[in-house]
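Heads up: the sequence shown begins at 1 in the UniProt record's numbering, then just goes up one per residue.
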Amino acid sequence: MQSMTGKTQEEQPNKEPVHLLDLLRNRLLGCTSVSPENNSDQEDWHLFRNVQELKAVGIHLKSSNDGCLRNITFTQKYWKFYGGTLSLPPIIVDDSTRPKFLNLIAYEMCPDFKNDYGVTSYISFIDSLIDEAKDVIDLRKEGIRRNLRGSNEEVALVFNEIGTDLVPNPEIYRGVRSKIQKYHEKKRMTYINEVIHYHFSGPWTVVAFTAALFALILRSNPFMLLHCSPTAIPTKPIHFFKTKHYKNQKS
Numbered sequence: 001m002q003s004m005t006g007k008t009q010e011e012q013p014n015k016e017p018v019h020l021l022d023l024l025r026n027r028l029l030g031c032t033s034v035s036p037e038n039n040s041d042q043e044d045w046h047l048f049r050n051v052q053e054l055k056a057v058g059i060h061l062k063s064s065n066d067g068c069l070r071n072i073t074f075t076q077k078y079w080k081f082y083g084g085t086l087s088l089p090p091i092i093v094d095d096s097t098r099p100k101f102l103n104l105i106a107y108e109m110c111p112d113f114k115n116d117y118g119v120t121s122y123i124s125f126i127d128s129l130i131d132e133a134k135d136v137i138d139l140r141k142e143g144i145r146r147n148l149r150g151s152n153e154e155v156a157l158v159f160n161e162i163g164t165d166l167v168p169n170p171e172i173y174r175g176v177r178s179k180i181q182k183y184h185e186k187k188r189m190t191y192i193n194e195v196i197h198y199h200f201s202g203p204w205t206v207v208a209f210t211a212a213l214f215a216l217i218l219r220s221n222p223f224m225l226l227h228c229s230p231t232a233i234p235t236k237p238i239h240f241f242k243t244k245h246y247k248n249q250k251s
């Protein structure tokens, strides 16, 4: 935003906002910013997975403690067998969400406003998470989305429309995306967690699998239980039949 003196406005912490959009942006992002860099090594944003794919490989969602849009983290406890946690700031979705973010994105794209494209990068990140209504439902269950607007399908459509053709700052959330990508590339863990997610999603599926496995073992070896119990059958059944056959011939 260019001032009356012709100087270019720069993003500065603890500075009085020059516009209502500037005030709103500061409240959503906080004071800490990331300076854009001309880096040829761009992140592969299209490789990022939606909520369903993250869940399938054992990544859980969690609502962060504050509403700062920069407060997105991924943690993985390596001593645990199953998964990691993606923490996201909670946000209310209502009729003002679409025009609010569209105006903030347009404000960041103003050529006279030097900034880190924090809102643009946040919307791109969320858009990559949401592909369908199921993604919105999972975000809502974890307290990350509070829907005051229409159906889950409409909420998904809103973020998909806002996130179309955006160019985010690759430095923002780089660490988060890198950690998730490295976790996702662990093929063995990915395969194990996909099996657990799709085939053991509830207690009854585990019980059914155990029962089926036990029945299969019994079918392949029906005398297994008899061998396990020494009192279940006579100790020398073959000698019994031989003795009976000998007596019949003698008589």
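Built from N, CA and C at the ideal position, the CB exists for glycine as well.
Every value quoted in this text rests on a predicted model; they were computed, and no experiment measured them.
What span of residues does the beta strand (DSSP E) with residue 177 cover, start to end?
-> No beta strand (DSSP E) contains residue 177, which is instead part of the alpha helix (DSSP H) from 174-184.
For the candidate residues 170, 212, 158 and 95, whose alpha-carbon lies nearest to that of residue 132?
-> The shortest C-alpha separation from residue 132 is found at 158.
Can you tell me the Cα-Cα spacing of residue 101 and residue 216, whole angstroms?
-> Looking at the two C-alpha atoms, the distance is approximately 57 Å.
Does the distance from the C-beta atom of residue 89 to that of residue 67 stay below 9 Å?
-> Cβ atoms of residue 89 and residue 67: closer than 9 Å.
Using DSSP bridges, identify the partner residues of residue 147.
-> Per DSSP, 93.
Which word fits residue 207, buried or exposed, when buried means at least 16 other C-beta atoms lie within 10 angstroms of its C-beta?
-> Under this definition residue 207 is an exposed residue.
Who does residue 75 pair with in a DSSP beta bridge?
-> Note: residue 75 sits in a beta bridge opposite 85.
Three-state class that DSSP yields for residue 141 in the structure shown | DSSP, read as helix, strand or coil, puts residue 141 in helix.
Cβ-based burial, residue 175 [other Cβ within 10 Å; buried from 16] | Under this definition residue 175 is an exposed residue.
Counting Cβ pairs closer than 8 Å, one from the region 114-123 and one from the region 166-185, do we hit at least three?
-> Counting C-beta pairs closer than 8 Å gives three or more between the region 114-123 and the region 166-185, which meets the contact rule.
State the start and end residues of the unbroken beta strand (DSSP E) segment that holds residue 62.
-> It spans 59-63 - the beta strand (DSSP E) in which residue 62 sits, taken as one unbroken run.
Note down the Cα distance separating residue 214 from residue 56, rounded to an integer number of angstroms.
-> For residue 214 and residue 56, the distance between alpha carbons rounds to 27 Å.
Is residue 17 buried or exposed, if buried means 16 or more other CB atoms sit within 10 Å of its CB?
-> Exposed is the label assigned to residue 17, since fewer than 16 other Cβ atoms lie within 10 Å of its Cβ.
Over what stretch of residues does the alpha helix (DSSP H) that includes residue 166 continue unbroken?
-> No alpha helix (DSSP H) contains residue 166, which DSSP labels as neither H nor E.
In terms of residue numbering, what span does the alpha helix (DSSP H) encompassing residue 26 cover?
-> Where residue 26 is concerned, the enclosing alpha helix (DSSP H) stretches over 20-29.
Where does residue 69 sit, in a helix, a strand or coil, going by DSSP?
-> It is coil, neither helix nor strand.
Tell me which same chain residues have a C-beta within less than 8 Å of the C-beta of residue 65, skipping the five on either side of it?
-> The answer, listed in chain order, is 71.
Where residue 103 falls: helix, strand or coil (DSSP) | DSSP, read as helix, strand or coil, puts residue 103 in helix.
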